[in-house]
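Visitor: Going by this note's numbering, 528 is the number at position 375 of the sequence shown; the sequence numbering is gapless. All C-beta atoms, glycine included, are put in the ideal place defined by N, C-alpha and C.
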Amino acid sequence: MASNKLSVSDFDFDAVKLNLKTFLQGQSEFQDYDFEGSGFAILLDLLAYNTHYLGFNANMLANEMYLDSADIRKNIVSLAKMLGYTPTSARASNAVLSVKVNNVPSTTTSLTMDKGTVFTTSVDGTSYQFVTNQSFSVQPNAGVFQFDNVNVFEGSLVTFKYTVDTNDVDQKFIIPSNNADTSTLKVSVQTSSSDTTTEVYSLVNSFSGLNDTTKSYFLQENDDGRYEVYFGDGVLGKKPVDGNIIILEYIVTNKTEANGASTFTLSGDIEGFSDVTITTTSNAANGSEPQTKDSIRFNAPLQYTSQDRAVTSKDYETIVKSVYANAQSVSAWGGEDDETPQYGVVKIAIKPISGSTLTNSTKESIKTQLRKFNVVSVRPEIVDPETTSILLTSNVKFNAESTTKTNDTIKSNVITTLSNYNTNTLNQFDGVFRYSKVIGLIDNTDNSIVSNITTIKLRKDFTPTLTVSTKYNVFFRNALFNPHSGHNAAAGGILSSTGFKIDGDADTIYFLDDDGQGNIRRYSLSGSTRTYANNTQGTIDYSTGAITINSLNVSVVENIRGAASTVIELTVTPQSNDVVPVRDQILNIDTANSTITVEADTFVGGSADAGVGYTTTSSY
Numbered sequence: 154m155a156s157n158k159l160s161v162s163d164f165d166f167d168a169v170k171l172n173l174k175t176f177l178q179g180q181s182e183f184q185d186y187d188f189e190g191s192g193f194a195i196l197l198d199l200l201a202y203n204t205h206y207l208g209f210n211a212n213m214l215a216n217e218m219y220l221d222s223a224d225i226r227k228n229i230v231s232l233a234k235m236l237g238y239t240p241t242s243a244r245a246s247n248a249v250l251s252v253k254v255n256n257v258p259s260t261t262t263s264l265t266m267d268k269g270t271v272f273t274t275s276v277d278g279t280s281y282q283f284v285t286n287q288s289f290s291v292q293p294n295a296g297v298f299q300f301d302n303v304n305v306f307e308g309s310l311v312t313f314k315y316t317v318d319t320n321d322v323d324q325k326f327i328i329p330s331n332n333a334d335t336s337t338l339k340v341s342v343q344t345s346s347s348d349t350t351t352e353v354y355s356l357v358n359s360f361s362g363l364n365d366t367t368k369s370y371f372l373q374e375n376d377d378g379r380y381e382v383y384f385g386d387g388v389l390g391k392k393p394v395d396g397n398i399i400i401l402e403y404i405v406t407n408k409t410e411a412n413g414a415s416t417f418t419l420s421g422d423i424e425g426f427s428d429v430t431i432t433t434t435s436n437a438a439n440g441s442e443p444q445t446k447d448s449i450r451f452n453a454p455l456q457y458t459s460q461d462r463a464v465t466s467k468d469y470e471t472i473v474k475s476v477y478a479n480a481q482s483v484s485a486w487g488g489e490d491d492e493t494p495q496y497g498v499v500k501i502a503i504k505p506i507s508g509s510t511l512t513n514s515t516k517e518s519i520k521t522q523l524r525k526f527n528v529v530s531v532r533p534e535i536v537d538p539e540t541t542s543i544l545l546t547s548n549v550k551f552n553a554e555s556t557t558k559t560n561d562t563i564k565s566n567v568i569t570t571l572s573n574y575n576t577n578t579l580n581q582f583d584g585v586f587r588y589s590k591v592i593g594l595i596d597n598t599d600n601s602i603v604s605n606i607t608t609i610k611l612r613k614d615f616t617p618t619l620t621v622s623t624k625y626n627v628f629f630r631n632a633l634f635n636p637h638s639g640h641n642a643a644a645g646g647i648l649s650s651t652g653f654k655i656d657g658d659a660d661t662i663y664f665l666d667d668d669g670q671g672n673i674r675r676y677s678l679s680g681s682t683r684t685y686a687n688n689t690q691g692t693i694d695y696s697t698g699a700i701t702i703n704s705l706n707v708s709v710v711e712n713i714r715g716a717a718s719t720v721i722e723l724t725v726t727p728q729s730n731d732v733v734p735v736r737d738q739i740l741n742i743d744t745a746n747s748t749i750t751v752e753a754d755t756f757v758g759g760s761a762d763a764g765v766g767y768t769t770t771s772s773y
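1. So, helix, strand or coil for Asn-641, using DSSP?
2. Which residues in the same chain have their Cβ closer than 6 Å to the Cβ of Thr-270, if we skip the five residues on either side of it in sequence?
3. Out of Val-276, Ile-662 and Val-709, which has the shortest C-alpha to C-alpha gap to Ser-415?
4. Between Glu-492 and Trp-486, what straight-line distance do the alpha-carbon atoms span, to the nearest angstrom?
5. Does the distance from the C-beta atom of Leu-363 to that of Val-382 stay below 9 Å?
6. Could you check which residue in Thr-471, Val-725, Glu-489 and Leu-545 has the C-alpha nearest to that of Phe-526?
7. With C-beta atoms as the reference, is Thr-319 less than 9 Å away from Ala-245?
8. If we call anything under 9 Å between Cβ atoms a contact, is Ile-302 one with Val-342?
9. On a Cα-Cα basis, can you pick out the residue from Ser-484, Asn-552, Thr-719 and Gly-396 that is closest to Phe-582?
10. If I follow the unbroken beta strand (DSSP E) through Gly-680, where does it start and stop?
11. From Arg-714 to His-637, what distance separates their C-alpha atoms?
12. In chain order, what residues of the same chain lie with their CB nearer than 7 Å to the CB of Gly-387, ignoring the 5 residues before and after it?
13. Note down the Cα distance separating Val-621 from Lys-504, rounded to an integer number of angstroms.
14. To the nearest angstrom, how far is it from the Cα of Asn-741 to the Cα of Gly-396?
15. What are the boundary residues of the beta strand (DSSP E) that Glu-402 is part of?
16. Pick from Ser-427, Asn-439, Lys-314 and Val-603: whose alpha carbon is nearest that of Asn-556?
17. Pair every Cβ in the stretch 261 to 268 with every Cβ in the stretch 288 to 299, then say whether three or more of these pairs are closer than 8 Å.
18. Under 7 Å Cβ to Cβ from Lys-227, same chain only, skipping five residues before and after it: list those, please.
19. CA-CA distance, Val-254 and Ile-423?
20. According to the Cβ coordinates, are Ser-507 and Ser-435 closer than 9 Å?
21. On the CB-based measure, 16 or more other CB atoms within 10 Å of its CB, does Ala-374 come out buried or exposed?
22. Taking the alpha carbon of Ile-431 as the reference point, which residue from Asn-577, Phe-272 and Asp-323 has its own alpha carbon closest?
23. Mapping DSSP to helix, strand and coil, what is Ile-225?
24. If you run the structure through DSSP and keep just helix, strand and coil, what is Pro-454?
25. Which residues does DSSP list as the beta-bridge partners of Met-266?
26. Just to confirm, are Ile-595 and Leu-571 a CB contact at a threshold of 9 Å?
27. Ser-677 and Tyr-695 look like a contact to me (Cβ under 8 Å); what is the Cβ gap, rounded to whole Å?
28. How many Å lie between Thr-578 and Asn-631 at the Cα?
29. Pick helix, strand or coil for Ala-168, following the three-state DSSP scheme.
30. Please confirm whether Asp-334 has its beta-carbon closer than 9 Å to some beta-carbon of chain B.
31. What does the Cβ neighbour count give for Gln-287, buried or exposed, with the cut at 16 atoms within 10 Å?
32. Quick check on Asn-688: does DSSP put it in helix, strand or coil?
33. Using the beta-carbon count (16 or more within 10 Å), is Lys-516 buried or exposed?
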């Protein structure tokens, strides 16, 4: 239908062109607008393309104005800067070494390991160098010269200098190296080329207390992804003057490539001594990529909300992510919320991107940085994540008529599906195990799968102190299945354990179960018959999932699944098929020890006995 009004709500090329044609139907001056071979049709194409491009650019411009919709990194960085947020740079992998210098003359009173001392290592056949970014000095202890807790960083130690020119109003002090680790950056200002007096400047964490004499610098990411240093204006922070020399010292790194390095060799010498014995206190870890766009979008508003102070648990989670770039997931909570309350303590669990736990030196470094933000009366304590394993028993049926894949192939694909669910959903502190989601993913693994019946159990372990009578607490933090008092008592309740021996009884292997009434029992097996040695070995709280084992004196831990072990595993049946991690818990589907069976469905396959011999399984 002809229209003398032009629609302006569409930006798609074809829609724009159609709108133009509809508009032209309402006039008599041009008659060949609807003939594709005409010259006028080309003009319509040009108009439609022009409108399409303008609309696209207008939408892009609008999107790039907001942090949650921007896609270009420099725009995301700029918007984050308005919130006072600086993205983290690449981080160098670091290790902690103990270096003993051998054959030092007895007349030597001290040794100094210079800044920039190089150590070499190899990961997967590739060599890497680690350097010190500070000097270390020791005196002999019982005639032994040993440097302890030497922190070394992967990469090269680089120094770059600028001379301040106040006539250049656009002068910038850019860190010229790609992959510079700004956490290792040291900024100092030399008076002049003729006066080597040097002052060290510190990174600004808060504007509070800044004045015209405060020796501080600021840091920001520029448009090309490099970082630049800038200084105060003489009111908020000391301003460098003409002729000052800005000295930037930092480490350029290969990021994640050297993580895991464990064996190091000294390159060169320490004051002329090259005969050294190196012990690795902590393997190389914490190397990471620069902060991603998604991470910036997520964390910048949270840090702004915290206002550079740590008061709430959410504040701690946000600040930890800003000071420790290798944090994949962080959970913080007040110590008063623990099963054993600790007042005046905030507990922080950190799951790193690389590795499973943090080294002691890394924990101390993070705690040191947190002191700049936390309330004086509150003490941060960093703990390792606790893993709760989920064991699946899944019977998967498929239509053999609709696929050429074997049972083993389908099983392998199901295991891959579960592994991906671990990686994408569960591998973090807020990763909830959703039962309906998981069984749906199993069904959708292959078009031939027609159903699955899946049940779950939970498993945690504890490491006993051998030959010492000890009390142990294990917290599942999810309600456990106990439909009535005494449930399944004759068959061992809902708790099972791996085996162990008791001090003073070298011949008997014991296990743990429960009586359905909240008591944990210790028993031995003769065939399938249970003989109970202690009916009150501990308690089990079905409503909270808290297990207490009293006065257990373990002498030997039995092998688990044919392999030597130092832990005792506890397995329970949860009340709900949905499992929620609490505080420092991380859930993980143990695919290696789950039972996945795959079989052809005879009913849909049209087997002769389909209506007679068909059997089903149950979730109960």
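Guide: Once the coordinates are examined:
1. By 1-based counting over the sequence shown, the position of residue 641 is 488. Asn-641: coil per DSSP, three-state reduction.
2. Residue numbering aside, residue 270 sits at position 117 when the sequence shown is read from its first letter. Correct list, in chain order: Thr-285.
3. Walking along the sequence shown from the start, residue 415 turns up at place 262. Checked all of Val-276, Ile-662 and Val-709; the closest Cα to Ser-415 is Val-276.
4. In the sequence shown, counting from the first residue as 1, residue 492 sits at position 339. In the sequence shown, counting from the first residue as 1, residue 486 sits at position 333. If you take the alpha carbons of Glu-492 and Trp-486, they lie about 12 Å apart.
5. As a working note, residue 363 is residue 210 in the sequence shown. As a working note, residue 382 is residue 229 in the sequence shown. Going by C-beta atoms, Leu-363 is not nearer than 9 Å to Val-382.
6. In the sequence shown, counting from the first residue as 1, residue 526 sits at position 373. When each option's Cα is compared against that of Phe-526, the closest is Thr-471.
7. By 1-based counting over the sequence shown, the position of residue 319 is 166. By 1-based counting over the sequence shown, the position of residue 245 is 92. Result no, Cβ atoms of Thr-319 and Ala-245 do not sit closer than 9 Å.
8. Locating residue 302 in the sequence shown gives position 149, where the first residue counts as 1. Locating residue 342 in the sequence shown gives position 189, where the first residue counts as 1. Residue 302 is actually Asn in this sequence, not Ile. No, Cβ-Cβ distance for Asn-302 and Val-342 is not below 9 Å.
9. Here residue 582 is taken as the residue at index 429 of the sequence shown, counted from 1. Among Ser-484, Asn-552, Thr-719 and Gly-396, the Cα nearest to that of Phe-582 is on Ser-484.
10. Counting from one through the sequence shown, the residue named residue 680 turns up at place 527. Counting along the chain, Gly-680 falls outside any beta strand (DSSP E), and DSSP gives it neither H nor E.
11. Here the question's residue 714 lines up with position 561 in the sequence shown. Here the question's residue 637 lines up with position 484 in the sequence shown. C-alpha separation (whole angstroms): 32 Å.
12. Stepping through the sequence shown from its first residue, residue 387 is reached at position 234. Closer than 7 Å at Cβ, skipping near neighbours: Asp-365.
13. Here residue 621 is taken as the residue at index 468 of the sequence shown, counted from 1. Here residue 504 is taken as the residue at index 351 of the sequence shown, counted from 1. Their Cα atoms are separated by approximately 32 Å.
14. Here residue 741 refers to the residue found at position 588 when the sequence shown is read from its first residue. Here residue 396 refers to the residue found at position 243 when the sequence shown is read from its first residue. Taking the straight line from one Cα to the other gives about 59 Å.
15. Here residue 402 refers to the residue found at position 249 of the sequence shown. Taken as a continuous stretch (DSSP letters only), the beta strand (DSSP E) holding Glu-402 covers 398 to 405.
16. To locate residue 556, count along the sequence shown from 1; it is residue 403. Residue identity check: residue 556 is Thr in the sequence provided, not Asn. Out of Ser-427, Asn-439, Lys-314 and Val-603, Val-603 has the C-alpha closest to the C-alpha of Thr-556.
17. yes
18. In the sequence shown, residue 227 corresponds to position 74, counting from 1. Taken in chain order, the residues that qualify are Asp-376.
19. Here residue 254 refers to the residue found at position 101 of the sequence shown. Here residue 423 refers to the residue found at position 270 of the sequence shown. For Val-254 and Ile-423, the distance between alpha carbons rounds to 8 Å.
20. Residue mapping note: residue 507 aligns to position 354 of the sequence shown, counting from 1. Residue mapping note: residue 435 aligns to position 282 of the sequence shown, counting from 1. No, the pair does not count as a contact, with Cβ atoms beyond the cut-off.
21. Within the sequence shown, the letter at position 221 stands for residue 374. Inspection of the sequence shows that residue 374 is occupied by Glu rather than by Ala. Per the 10 Å Cβ criterion, buried.
22. As a first step, residue 431 is located in the sequence shown; it is residue number 278 there, counting from the start. Here the closest residue by C-alpha is Phe-272.
23. Taking the sequence shown and counting its residues from 1, the one referred to as residue 225 is at position 72. Correct three-state label for Ile-225: coil.
24. Within the sequence shown, residue 454 is the residue found at index 301, counting from 1. Reduced to three states, the DSSP call for Pro-454 is helix.
25. Taking the first residue of the sequence shown as position 1, residue 266 is located at position 113. DSSP lists Phe-289 as partners of Met-266.
26. Locating residue 595 in the sequence shown gives position 442, counting from the first residue. Locating residue 571 in the sequence shown gives position 418, counting from the first residue. Contact flag set, yes.
27. Position 524 of the sequence shown, counted from the start, is the residue given in the question as residue 677. Position 542 of the sequence shown, counted from the start, is the residue given in the question as residue 695. Incorrect: roughly 25 Å between the Cβ atoms, too far for contact.
28. On the sequence shown, residue 578 is found 425 positions in, with the first residue counted as 1. On the sequence shown, residue 631 is found 478 positions in, with the first residue counted as 1. For Thr-578 and Asn-631, the distance between alpha carbons rounds to 19 Å.
29. As a working mapping, residue 168 is identified with position 15 in the sequence shown. Ala-168: helix per DSSP, three-state reduction.
30. The chain inventory of the structure shown lacks chain B, comprising one protein chain alone.
31. Residue mapping note: residue 287 aligns to position 134 of the sequence shown, counting from 1. Exposed.
32. In the sequence shown, residue 688 corresponds to position 535, counting from 1. DSSP places Asn-688 in strand when its eight states are reduced to three.
33. By 1-based counting over the sequence shown, the position of residue 516 is 363. That one is buried.
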